[in-house]
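In the working numbering, the protein residues as written are 45 to 177.
Take a look at the structure set out below.
Here is the structure:
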């Protein structure tokens, strides 16, 4: 079932991010709003859109999260390979995404101290970019 879900989630999340899906959703809402006078703006009429949007939103959360998890894992693999392949790259950085947030902050702060970049504006390249604004 895991493979089926991953394939389904990948296809749905890719489709949901395209303009035609937005147009379809917009047309559904316009159709619903236009049908209001026919149904007398009844509670049932309102319940249809409320229930529909709630169910779609609830299900899309899981599909989008699956896609984000997959993308993050792929990016992490690529970064790990870059670290491994670079001369002078520190292999101990491979897998740090599994550390607690507190530990990651400590590593970041240590790197900033090590390279003298406690204030990112001190870095000349970043300073030039900031000055362009």
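Just so it is clear, CB atoms sit at the ideal spot from N, CA and C, and this is done for glycine as well.
Just so we're clear, the structure is a prediction, and the values are computed from it rather than from any experiment.
- Contact between residue 135 and residue 127 is confirmed by a C-beta separation of about 7 Å, below the 8 Å threshold.
- Taking 7 Å as the cut-off, the Cβ atoms of residue 141 and residue 120 count as close.
- The C-beta distance from residue 80 to residue 89 rounds to 6 Å, short enough to meet the 8 Å contact threshold.
- Using a Cβ distance threshold of 7 Å, residue 57 and residue 111 count as a contacting pair.
- Of the residues assessed, residue 53 falls on the buried side of the cut-off, its CB having 16 or more other CB atoms within 10 angstroms.
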